[in-house]
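*Asks:* I'd like to ask some things about the structure below.
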Amino acid sequence: MDLAGSYISEEKKPNYPQPLILAVEDNDDNLLLITYTLESLGCKLICQTDSFSTLLVAKEYQPDLILMDILLPGLSGIDVVRYLKKEPLTSEIPVIAVTALASPEERERILMAGFDDYISKPYMIEDLEALICRVLGKKLNPQSCFDLH
Ligand code: MN
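Our numbering numbers the first residue of the sequence shown as 59 and each following residue consecutively.
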């Protein structure tokens, strides 16, 4: 399997199970923000800056959640989510669109394609955290979401 363009964040001595998140985002600043948010929630992270191997990585690592940009080099997030939802090994994994495409028509098109939820850029970190906590629920260390309630 070609995992070029993917890397897995270093583990920091977890004493509880850490959910694994796959983030696909081609903008470095956005990826940094996602990395910061997820690590503060105690998640483990696989980052990709293009979508070429997203399906393979998702099948192999079975992440608890996928955060996906729509406008990407190569396949768009819309195409990728269609593959993910058609493939039995990945169809149950929640996929959230994180995108600057914010019009009602685009939102509709994104949700119709199979995304489980949607957040538009720019977003507040608190909103992304709340969305992740809602989707992951009990898989997160309860203390991670403590501040949000
Ligand atoms: Mn993009």
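Using N, Cα and C, we set each Cβ at its ideal position, and we do this for glycine too.
Just so we're clear, the structure is a prediction, and the values are computed from it rather than from any experiment.
Within this structure, are the beta carbons of LYS117 and THR148 separated by less than 7 Å?
*Replies:* Here residue 117 corresponds to residue number 59 of the sequence shown, with the count starting at 1. Here residue 148 corresponds to residue number 90 of the sequence shown, with the count starting at 1. Cβ atoms of LYS117 and THR148: closer than 7 Å.
*Asks:* Alpha carbon to alpha carbon, how far is SER109 from LEU123? Give it in angstroms, no decimals.
*Replies:* Numbered from its first residue, the sequence shown carries residue 123 at position 65. Numbered from its first residue, the sequence shown carries residue 109 at position 51. Cα-Cα distance, rounded: 15 Å.
*Asks:* Could you spell out where the alpha helix (DSSP H) holding CYS168 opens and where it closes?
*Replies:* On the sequence shown, residue 168 is found 110 positions in, with the first residue counted as 1. Checking the sequence shown, residue 168 turns out to be Ile, not Cys. ILE168 -> alpha helix (DSSP H) spans 162-170.
*Asks:* Can you tell me whether MET182 is buried or exposed? The criterion is at least 16 other CB atoms within 10 Å of its CB, across all chains shown.
*Replies:* Within the sequence shown, numbered from 1, the residue matching residue 182 stands at position 124. With fewer than 16 Cβ atoms within 10 Å of its Cβ, MET182 is classed as exposed.
*Asks:* Just to confirm the assignment, what range does the beta strand (DSSP E) spanning ILE92 have?
*Replies:* Within the sequence shown, the letter at position 34 stands for residue 92. Where ILE92 is concerned, there is no enclosing beta strand (DSSP E), although the alpha helix (DSSP H) it sits in stretches over 86-98.
*Asks:* Short check: CB of PRO77 to CB of LYS197, under 7 Å?
*Replies:* Position 19 of the sequence shown holds residue 77. Position 139 of the sequence shown holds residue 197. Going by C-beta atoms, PRO77 is nearer than 7 Å to LYS197.
*Asks:* Going by C-alpha to C-alpha distance, which of ASN88, GLU145 and LEU194 sits closest to THR112?
*Replies:* In the sequence shown, residue 112 corresponds to position 54, counting from 1. The option with the nearest alpha carbon to THR112 is GLU145.
*Asks:* Going by the C-beta, is LEU129 closer than 6 Å to any heavy atom of the ligand MN?
*Replies:* Along the sequence shown, read from residue 1 onward, the residue named residue 129 stands at position 71. Indeed, a heavy atom of the ligand MN lies less than 6 Å from the Cβ.
*Asks:* Looking only at C-alpha atoms, which of GLU184, PRO180 and ILE136 sits nearest to ASP174?
*Replies:* Residue 174 sits at position 116 when you count from the first residue of the sequence shown. When each option's Cα is compared against that of ASP174, the closest is ILE136.
*Asks:* Here's the rule I'm using: 16 or more other beta-carbon atoms within 10 Å means buried, otherwise exposed. How should GLU163 be labelled?
*Replies:* Start at 1 with the first residue of the sequence shown, and residue 163 comes out as number 105. Its Cβ having fewer than 16 others within 10 Å, GLU163 is exposed.
*Asks:* Which same chain residues, not among the five before or five after LEU194, have their C-beta less than 7 Å away from its C-beta?
*Replies:* Along the sequence shown, read from residue 1 onward, the residue named residue 194 stands at position 136. Within the same chain, LEU194 has close Cβ partners PRO77, ASP122 and LEU123.
*Asks:* Drop a sphere of 10 angstroms on the beta-carbon of ASP127, count the other beta-carbons inside from all chains shown, and report buried for 16 or more, exposed for fewer.
*Replies:* Here residue 127 is taken as the residue at index 69 of the sequence shown, counted from 1. Buried, by the Cβ-count rule.
*Asks:* Cβ of ASP174 versus every heavy atom of the ligand MN: is any distance shorter than 6 Å?
*Replies:* Stepping through the sequence shown from its first residue, residue 174 is reached at position 116. Answer for ASP174: no, Cβ out of range of the ligand MN.
*Asks:* Between the C-alpha atoms of ILE92 and ILE79, what's the straight-line distance to the nearest angstrom?
*Replies:* Start at 1 with the first residue of the sequence shown, and residue 92 comes out as number 34. Start at 1 with the first residue of the sequence shown, and residue 79 comes out as number 21. When rounded, the distance between both Cα atoms is 10 Å.
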